[in-house]
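Residue numbers (UniProt numbering): 1 to 62.
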Amino acid sequence: VTVDAYSCLDPGIPVNGLRYGQDFSIGSTVSFGCDSGYRLSHEEPLVCEKNHWWSHPLPTCD
1 VTVDAYSCLD
11 PGIPVNGLRY
21 GQDFSIGSTV
31 SFGCDSGYRL
41 SHEEPLVCEK
51 NHWWSHPLPT
61 CD
């Protein structure tokens with residue numbers, strides 16, 4: 001897997017959930033939701049930071 005100089009890797013999609021946003025470039029954000037009956041572990045969007053890492057781990061749908 002190669003990392004673009006201006007982006008983060010695909011953060012994935014939570015099991016029983018979905019992702020809003022397909023732009024993984026530095027400074028971009030992606031947010032998540034859960035299927036009916038599941039609750040998101042944290043609501044804060046992920047931000048692709050300058051170090052090519054997302055601002056925090058992928059949330060879970062519990």
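Glycine included, C-beta positions come from ideal geometry on N, C-alpha and C.
**Report entry** Inter-residue spacing [alpha-carbon to alpha-carbon] between I26 and P11
**Finding:** Looking at the two C-alpha atoms, the distance is approximately 13 Å.
Query raised in the report: Is the Cβ-Cβ distance between V47 and T29 less than 8 Å?
Result: yes
Requested in this report: Can you give me the Cβ contacts of residue 63 inside the same chain, cut-off strictly under 6 Å, excluding the 5 residues immediately before and after it?
Outcome: This structure gives no information on residue 63, because the portion of the chain shown stretches from 1 to 62.
Query raised in the report: With respect to the beta strand (DSSP E) encompassing F32, which residues constitute its N-terminal and C-terminal limits?
Result: T29 to C34
Query raised in the report: Where does P59 land, buried or exposed, given buried means 16+ other C-beta within 10 angstroms?
Result: P59 is buried by the Cβ-count criterion.
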